[in-house]
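Okay, so here's the structure we're looking at.
Written as structure tokens, this is what we have:
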């Protein structure tokens, strides 16, 4: 009986968290679609800073991880494909692995590690030091000024970083394939372009937008759940990371099953 | 004189059930300068939070500008808040905004027609008026307490509020700083039709700095007013 009660309580808590996350998504959509002009200069400033910190400043780390991942995938593919008589499948492998899956997932994991943590701790600190209340008494809605631009900024950033990651990792793949195995760049590009269809690009785009939405929403939610003590901030940050990772991977699996089975 | 604040028969209790206020009534009319003296932990912050619409009383009504706070929608409440300038005891500034951006923020957010340059100019003018000597483009985290209070006051004044509410304005300041800050408040209040509501836990000598027209005391869970001189 106790186990059932505990299970019920845990399920209710999960449902409550999901409901709160939906509310943030709803507020963000409402702010972007219907309150676009309210405080436009101030909120645009928050949005631009978010994109700068999340996307622009992540370029060095994304670049070298993408290059290495591209190299690893091509190395593995080229070690197996000749044995199966499928050397020509290198383009398909890169598209299937990098564009369908790893591009959005790696970009998201890097954004969670760099910016999801920053977002949760920044909002947590603002909450515990009464800065959120200070905004409220100025007549500034924290959901509109603090949360909506951060969620939108995370979406834009993951979207941009996903395409950047995919481009650089394919280039990394070519560095090995081209120089190590004497494959001409035009042949390499042709093989990728043939494998890449509308569905691959669309799914990659959809995933990156949804993952950005998840990261911005979950990080903001846990950040704003901090009450009065700064000791809650590290806990909020950890929960933001775990929560974002969990939802990103579940969403990834759902989209992959929906589109590719 | 119109009534700007009308707190009527308000009762408020802590989570443990201890009464903060019981059947308390307080009014503030346009242009008045009122000082509320109350010991620490006597419910000053709760009263201010009620005026800001951040909390509602357990009983009674709080009306500001004739509007019952508890009945307002979020949008209406945000509009009403723009007409009140709050300076809290911890002078909370937004830590990731520069000093000048902190002051310009309400203007940038609420006045869509004003340009970035105009907002910054107005913020700089107000900050200059306080005598602030720090870096306008620095972050506020390391500012001394007095400078933080100057900036919080400039921010509270930027939307030209009709009521200025200050909480423990003089806490932690030297006598000279207390006098300077009080003079700033009085200067603004005398040059505008704004009403002033100053909450303090300090003694009467310090309280006299703002030359209050009314002195109100929170004593136990009751609000009592001293007879006017």
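Protein chains in written order, with our numbering: chain A, 685 to 945; chain B, 25 to 253.
We put the CB at the ideal spot given by N, CA and C, even for glycine.
Quantities reported herein were computed from a predicted structural model and do not represent experimental measurements.
- [ ] Go through its chain and collect everything with a Cβ distance to residue 58 of chain B's Cβ below 8 Å, but skip five positions before and after it.
- [x] What you label residue 58 of chain B is simply residue 34 of the second chain in a count that begins at 1. Same-chain partners within the cutoff: 52, 219, 220, 221, 222, 236, 237, 238, 239, 240.
- [ ] Determine the direct distance from the alpha carbon of residue 109 of chain B to that of residue 79 of chain B, and round the result to whole angstroms.
- [x] The residue labelled residue 79 of chain B in the question sits at position 55 within the second chain. The residue labelled residue 109 of chain B in the question sits at position 85 within the second chain. Between residue 79 of chain B and residue 109 of chain B, the C-alpha separation is close to 17 Å.
Task: Uninterrupted alpha helix (DSSP H) stretches inside the stretch 761-789 of chain A (no shorter than 4 residues) - done: 774-778
TODO: Taking C-beta pairs closer than 9 Å, name the residues in chain B that residue 824 of chain A reaches, listed in chain order.
DONE: Walking along the first chain from the start, residue 824 of chain A turns up at place 140. Ordered by position in chain B, the residues that pass the 9 Å Cβ test against residue 824 of chain A are 102, 105, 129, 130, 133, 134.
Task: Proximal chain A residues relative to residue 78 of chain B, where beta-carbon distance stays under 8 Å - done: Working through the second chain from its first residue, we reach residue 78 of chain B at position 54. Simply 817, 820, 821.
- [ ] Could you tell me if residue 769 of chain A is buried or exposed, where buried requires 16 or more neighbouring beta carbons within 10 angstroms of its beta carbon?
- [x] In the first chain, the residue the question calls residue 769 of chain A occupies position 85. When all chains shown are included, residue 769 of chain A counts as exposed.
Open item on the list: Just to make sure I have the definition right: I need the residues of chain B whose C-beta is within less than 7 Å of the C-beta of residue 724 of chain A. Which are they?
Closed with: Start at 1 with the first residue of the first chain, and residue 724 of chain A comes out as number 40. Those are 136, listed as they occur along chain B.
TODO: Count the CB pairs spanning the stretch 782-791 of chain A and the stretch 62-70 of chain B that are closer than 8 Å, and state whether there are at least three.
DONE: no
Task: Rounded separation between residue 726 of chain A and residue 826 of chain A - CA only - done: The residue labelled residue 726 of chain A in the question sits at position 42 within the first chain. The residue labelled residue 826 of chain A in the question sits at position 142 within the first chain. Taking the straight line from one Cα to the other gives about 12 Å.
TODO: Under 8 Å by Cβ, that's how I've got residue 836 of chain A and residue 709 of chain A pegged, so tell me the actual separation to the nearest angstrom.
DONE: Sequence index remark: in the first chain, residue 836 of chain A carries index 152 (1-based). Sequence index remark: in the first chain, residue 709 of chain A carries index 25 (1-based). Their Cβ separation, rounded to whole angstroms, is 11 Å, which puts residue 836 of chain A and residue 709 of chain A out of contact at 8 Å.
Task: residue 71 of chain B, DSSP secondary structure in three states - done: Position 47 of the second chain, counting from 1, holds the residue named residue 71 of chain B. Residue 71 of chain B falls in the helix class under three-state DSSP.
Task: Interface partners of residue 829 of chain A on chain B, CB under 8 Å - done: In the first chain, the residue the question calls residue 829 of chain A occupies position 145. Contacts between residue 829 of chain A and chain B, judged by CB atoms closer than 8 Å, involve 133 in chain order.
Task: N- and C-terminal bounds of the beta strand (DSSP E) containing residue 60 of chain B - done: The residue you call residue 60 of chain B lines up with position 36 of the second chain. Counting along the chain, the beta strand (DSSP E) containing residue 60 of chain B begins and ends at 57-61.
Task: Near the ligand COA: residue 825 of chain A beta-carbon under 6 Å from a heavy atom - done: Here there are no bound small molecules, and the ligand COA is not part of this structure.
TODO: State whether the stretch 915-926 of chain A contacts the stretch 794-808 of chain A, with contact taken as three or more CB pairs (one from each stretch) at a distance under 8 Å.
DONE: yes
TODO: Take residue 88 of chain B as the anchor and find which of B:42, B:112, B:27 has the nearest alpha-carbon.
DONE: As a first step, residue 88 of chain B is located in the second chain; it is residue number 64 there, counting from the start. Among B:42, B:112, B:27, the Cα nearest to that of residue 88 of chain B is on B:27.
TODO: Answer yes or no: does any C-beta atom of chain A fall closer than 7 Å to that of residue 116 of chain B?
DONE: Here residue 116 of chain B is taken as the residue at index 92 of the second chain, counted from 1. Chain A, which has a Cβ nearer than 7 Å to the Cβ of residue 116 of chain B, makes this yes.
Open item on the list: Against chain A, does residue 223 of chain B count as a neighbour if the rule is that its beta carbon must be under 7 Å from one of theirs?
Closed with: As a working mapping, residue 223 of chain B is identified with position 199 in the second chain. For residue 223 of chain B, the answer is no, since every Cβ of chain A falls outside 7 Å of its Cβ.
Task: Residues in the stretch 795-813 of chain A having any Cβ partner in chain B nearer than 9 Å - done: 806, 809, 810, 813
Task: Residue span of the beta strand (DSSP E) that contains residue 37 of chain B, given as start and end - done: Here residue 37 of chain B corresponds to residue number 13 of the second chain, with the count starting at 1. Here the beta strand (DSSP E) through residue 37 of chain B covers 27-37.
Task: Selection from B:74, B:111, B:130, B:106 that minimises the alpha carbon distance to residue 95 of chain B - done: The residue given as residue 95 of chain B occupies position 71 in the second chain. Residue 95 of chain B has its Cα closest to that of B:74, out of B:74, B:111, B:130, B:106.
- [ ] Find the nearest neighbour of residue 747 of chain A within the set A:902, A:875, A:848, judged by alpha-carbon distance.
- [x] Reading the first chain from its first residue, position 63 is the one you call residue 747 of chain A. Answer by Cα proximity: A:848.
Task: Assumed close pair residue 119 of chain B, residue 163 of chain B - CB separation to whole angstroms, cut-off 8 Å - done: Here residue 119 of chain B refers to the residue found at position 95 when the second chain is read from its first residue. Here residue 163 of chain B refers to the residue found at position 139 when the second chain is read from its first residue. With 8 Å as the limit, residue 119 of chain B and residue 163 of chain B qualify as a contact, their Cβ atoms being about 7 Å apart.
Task: Cutoff 7 Å; reference residue 121 of chain B; Cβ partners in own chain excluding five residues on either side - done: Against the second chain, residue 121 of chain B aligns to sequence position 97. Residues of the same chain with a CB within less than 7 Å of the CB of residue 121 of chain B, apart from the 5 flanking positions on each side, are 129 in chain order.
TODO: Please list the partners that residue 98 of chain B has in chain A, where partner means a Cβ-to-Cβ separation under 8 Å.
DONE: Residue 98 of chain B sits at position 74 when you count from the first residue of the second chain. The answer, in chain order, is 825.
Task: C-beta contact flag for residue 894 of chain A and residue 935 of chain A at 7 Å - done: Walking along the first chain from the start, residue 894 of chain A turns up at place 210. Walking along the first chain from the start, residue 935 of chain A turns up at place 251. Yes; because the gap between Cβ atoms is below 7 Å, this pair is in contact.
TODO: Just grab the DSSP bridge partners of residue 109 of chain B for me.
DONE: Within the second chain, residue 109 of chain B is the residue found at index 85, counting from 1. According to DSSP, residue 109 of chain B bridges with B:188.
- [ ] For residue 6 of chain B, count neighbouring Cβ atoms within 10 angstroms of its own Cβ and tell me buried if that reaches 16, exposed if not.
- [x] Residue 6 of chain B is absent from the model: chain B starts at 25 and stops at 253.
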